[in-house]
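One structure below.
Protein chains in written order, with our numbering: chain A, 432 to 593; chain B, 432 to 593.
Okay, structure coming up:
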């Protein structure tokens, strides 16, 4: 039988070129604007902000945009089914805190960001850079979410150049 | 200057082969199990089910798995910030109802499912087939979410064959 070398060659070529492409595509070129609140925000106001900004995750920052927490819809729902009055509690009691937050930088590849979203089981990752004013702290400069990845997936399927 | 024909050829080849691959990959091979509740479930119990099953969206069904609604974390949070007592209201007051629900079938391509997730601005799509018992109704047989797409994106980046 005729060996289907050409067929397999094209297949492997395609998938390795595609893998390389995803590793070369950086978060800096695909990230969205981060939506931030501060720690004193009430759970009620944070929920309203999520609706107004149409996001599922808020990043919690201190002065100069230093990342100190992440708040998801899941965190807020957990409060809501408790005895908690959403208008009376600050989000600091419900958020995930630094250093327990998974982050990426603008130089992280889109492939690694996708992998981290799956591994960490979160919908959204803060994009951070080292703070210029606060030593050892991180400033939030963007967000990468499962929506970012899904949108890119569709663009790739449309055969657009990345 | 030497024309970089080979370079561009490989690029276009790659992206069109990739696009074709996404169009040939079907929802049937990538869908997850649907998590369903019925219309009389309270908002409180639905929230608990979301936590126990670790999903962000529930499908609401009548007998024999007929799809009648979709309930997201967002729908529940909207209730929570209202005056609503989550233990006292059925989810039927908060869910999106048929026929206003975006669905896919097992034969839908993964590419089209990704496109619909972005276009419809939802996190999860019910996978449905025509009901054998109820004429003109749809039975839920799976779910496709932004997590499904993100996971596939990472697999493709690992250069696995699809």
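Glycine residues also receive a C-beta, built at the ideal position from the N, C-alpha and C atoms. Nothing here was measured: the structure is a model prediction, and the numbers come from that model.
Whether residue i touches residue j by CB criterion (8 Å)
| i | j | result |
| --- | --- | --- |
| residue 588 (chain B) | residue 588 (chain A) | no |
| residue 577 (chain A) | residue 578 (chain B) | yes |
| residue 523 (chain A) | residue 500 (chain A) | yes |
| residue 533 (chain B) | residue 551 (chain B) | yes |
| residue 548 (chain A) | residue 525 (chain A) | no |
| residue 536 (chain B) | residue 553 (chain B) | no |
Cβ shell of residue i (< 8 Å), same chain only, five flanking positions each side left out
| i | result |
| --- | --- |
| residue 581 (chain B) | none |
| residue 540 (chain B) | 453, 454, 455, 456, 457 and 458 |
| residue 465 (chain A) | 490, 557, 558, 571, 572, 573 and 574 |
| residue 487 (chain B) | 481, 503, 504, 554, 555 and 576 |
| residue 461 (chain B) | 541, 575, 579 and 583 |
| residue 514 (chain A) | none |
Interface flag, residue i vs chain B, CB-CB below 8 Å
| i | result |
| --- | --- |
| residue 548 (chain A) | yes |
| residue 466 (chain A) | no |
| residue 522 (chain A) | no |
| residue 455 (chain A) | no |
| residue 588 (chain A) | yes |
| residue 496 (chain A) | no |
| residue 585 (chain A) | yes |
Backbone CA spacing between residue i and residue j [nearest angstrom]
| i | j | result |
| --- | --- | --- |
| residue 502 (chain A) | residue 474 (chain A) | 10 Å |
| residue 476 (chain A) | residue 463 (chain A) | 22 Å |
| residue 467 (chain B) | residue 490 (chain B) | 5 Å |
| residue 572 (chain B) | residue 565 (chain B) | 15 Å |
| residue 484 (chain A) | residue 498 (chain A) | 19 Å |
| residue 527 (chain B) | residue 562 (chain A) | 43 Å |
| residue 567 (chain A) | residue 504 (chain B) | 35 Å |
| residue 493 (chain B) | residue 542 (chain B) | 30 Å |
| residue 569 (chain B) | residue 472 (chain B) | 20 Å |
| residue 518 (chain B) | residue 530 (chain B) | 27 Å |
| residue 538 (chain B) | residue 448 (chain A) | 28 Å |
Nearest-angstrom beta carbon gap, residue j and residue i [assumed within contact, 8 Å]
| i | j | result |
| --- | --- | --- |
| residue 480 (chain A) | residue 512 (chain B) | At roughly 11 Å, the Cβ-Cβ gap does not stay under 8 Å, so residue 480 (chain A) and residue 512 (chain B) are not in contact. |
| residue 586 (chain A) | residue 521 (chain A) | 39 Å between Cβ atoms; not a contact. |
| residue 584 (chain A) | residue 584 (chain B) | 5 Å |
Residue-level contact to chain A via CB, residue i, 8 Å cutoff
| i | result |
| --- | --- |
| residue 493 (chain B) | no |
| residue 525 (chain B) | no |
| residue 462 (chain B) | no |
| residue 505 (chain B) | yes |
| residue 533 (chain B) | no |
| residue 512 (chain B) | yes |
| residue 582 (chain B) | yes |
| residue 478 (chain B) | yes |
| residue 449 (chain B) | yes |
| residue 473 (chain B) | no |
| residue 556 (chain B) | no |
| residue 578 (chain B) | yes |
| residue 573 (chain B) | no |
Residue i CB to nearest heavy atom of the ligand ZN below 7 Å
| i | result |
| --- | --- |
| residue 554 (chain B) | Looking for the ligand ZN in the displayed structure turns up nothing, as the structure carries no ligands at all. |
Nonlocal neighbours in the same chain, by C-beta distance under 7 Å from residue i, ignoring five residues either side
| i | result |
| --- | --- |
| residue 544 (chain A) | 458, 535, 556 and 575 |
Contact set for residue i: own chain, Cβ-Cβ below 6 Å, skip 5 residues either direction
| i | result |
| --- | --- |
| residue 510 (chain B) | 474 and 525 |
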